[in-house]
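Engineer: Residue numbers (my numbering): 13 to 99.
The beta-carbon is built from N, C-alpha and C at its ideal position, and this holds for glycine as well.
As the structure is a prediction and not an experimental result, all values here were calculated from the model.
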Amino acid sequence: VIRNFLDQRATPQTPLVSYTGGGHIQYGIPVPKRVRRTHPSINTKTIYLVAWDPSKKKEVLAELHEGIADYLWLTPLGPKGLQPRCG
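1. Within 10 Å of its beta-carbon, does Ile37 have 16 or more other beta-carbons around it, so buried, or fewer, so exposed?
2. Compute the Euclidean distance between the alpha carbons of Ile80 and Trp64, then round it to the nearest angstrom.
3. Express the C-alpha separation of Leu89 and Gln95 in angstroms, rounding to a whole number.
4. Using the three-state DSSP reduction, which class does Leu94 fall into: helix, strand or coil?
5. Taking Cβ positions, are Leu59 and Tyr31 nearer each other than 7 Å?
6. Taking buried to mean at least 16 other C-beta atoms within 10 Å of its own C-beta, is Pro44 buried or exposed?
7. Rounded to the nearest angstrom, what separates Arg15 and Lys92 at their Cα positions?
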């Protein structure tokens, strides 16, 4: 679907926003990597949502260091607290 949109868009500057689950980023299969393979000139950015738990500061810093995404969006913990990662 994304490839078709990029191939058929009338204006090259038309932005495309793709929402995918965090597991795609955690396991290295994000949509932007596939888009770059077929359209290397496309500028992509990945934003990874992370529930902020101050007791997990080291883990969040490690994800930043690993380059899991271009940006980390820290969100407050939900009423159920910290949820396990996918997998």
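Structural biologist: Checking against the coordinates, here is how it stands:
1. buried
2. 16 Å
3. 9 Å
4. coil
5. According to the sequence as given, residue 59 is Ile; it is not Leu. Not closer than 7 Å, so no.
6. buried
7. 38 Å
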